[in-house]
Amino acid sequence: MNTRYYMVIIKGEIKTSEIMSCGYNRNNQKWDVKFNNGKTYSYAYLNVEKLTDPEVLNPNMYRISREGREFFDVNAIYVFRSRYESYCHICFGNGSERDYHRSELNIVESCLTQSQSSNVFEYIKQIAGLSNIRNEETGEKLLSKRFDKISFVGSDVALAKYLNPSSLQGKRTGREYNPIFPFGCNNSQYKAVKNAMENQISVIQGPPGTGKTQTILNIIANILMQGKTVQIVSNNNSATENVYEKLSSPKVAMEKINSDENNRQI
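Adding 1474 to a residue's 1-based position in the sequence shown gives its number in the numbering used here.
Here is the structure:
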């Protein structure tokens, strides 16, 4: 069977690649399924689903992962929908094909499929092209070079919300979060950490001496407690150095990137 046009589910399992033909026999009201080994079996009507007319997704506009591992070199994505759930047939550049229950996969769509996000991003790229920040050795414009390399912006990342702010309104990262405070806190710091962990974008501001670094340290601790990684970025090396010193511990793996030499080493 052509796996790009049909998908056959038998007793909840995807069997398309093993089947030569599948047809419904109205005489006995059963499905006659002929397998690749030449044998034919009859199945009760409710035990078989023959799916057609899949939705075809542009592989350049989607990122797919399974159990934390991202799929690469994806050439085609077909989504079949049944009465109860959805299934995916994925074709890879090496010629191989795989079938999955949709629930097995994490599929992220690029926000650039939306006209507003795409238009704003193209505008930003044009503005970047006007910047005169250049590579000191080659004279090449740095910002436009970086933006030209971006063809995918996941709808789940913060940049997507900047490109289309309407997608941010009223949305939170999930259920209420109960943070930890290994570096201590006051009332405003408690609210700041809680907001940071419950929202995808959070802004913390205040004059020197109000505990912003302490708040950042608590946010980092909460992220690490979830088994995740965190990147701390500042246009001031002393600020990142301050965080680095306070977090220095054999149990915390950190790497500083604050110079061209460090960048090359990384």
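Glycine residues also receive a C-beta, built at the ideal position from the N, C-alpha and C atoms.
Neighbour-count burial assignment, residue i, 16 or more Cβ in a 10 Å radius
i, result
"Y1552", "buried"
"V1530", "exposed"
"D1547", "exposed"
"S1570", "exposed"
"I1607", "exposed"
"M1494", "exposed"
"L1525", "buried"
"V1707", "exposed"
"M1481", "buried"
Rounded straight-line distance, which links the Cα of residue j to that of residue i
i, j, result
"I1697", "D1630", "17 angstroms"
"G1603", "S1491", "49 angstroms"
"M1671", "R1543", "24 angstroms"
"S1618", "G1628", "20 angstroms"
"L1721", "N1532", "43 angstroms"
"Y1636", "F1626", "15 angstroms"
"F1509", "K1489", "9 angstroms"
"C1496", "T1477", "12 angstroms"
"N1661", "V1717", "21 angstroms"
"F1566", "S1584", "19 angstroms"
"L1633", "T1703", "18 angstroms"
Integer-rounded CB distance, given that residue j should sit under 8 angstroms from residue i
i, j, result
"N1638", "V1667", "Not a contact, Cβ separation roughly 27 angstroms."
"Q1663", "T1687", "Not quite, the Cβ-Cβ distance comes to about 11 angstroms (not below 8 angstroms), so this is no contact."
"I1624", "L1579", "That pair is no contact at about 24 angstroms."
Among the options, the one whose alpha carbon lies nearest that of residue i
i, options, result
"N1534", "N1673, V1582, D1573, H1575", "V1582"
"P1656", "E1719, S1556, I1694", "I1694"
"A1550", "Y1517, E1541, Y1558, P1528", "P1528"
"S1577", "Y1558, Q1590, N1568", "Y1558"
"N1673", "E1650, S1556, E1614, K1504", "E1650"
"N1521", "Q1700, Y1574, V1507", "V1507"
Opening and closing residue of the beta strand (DSSP E) in which residue i lies
i, result
"N1499", "1493–1499"
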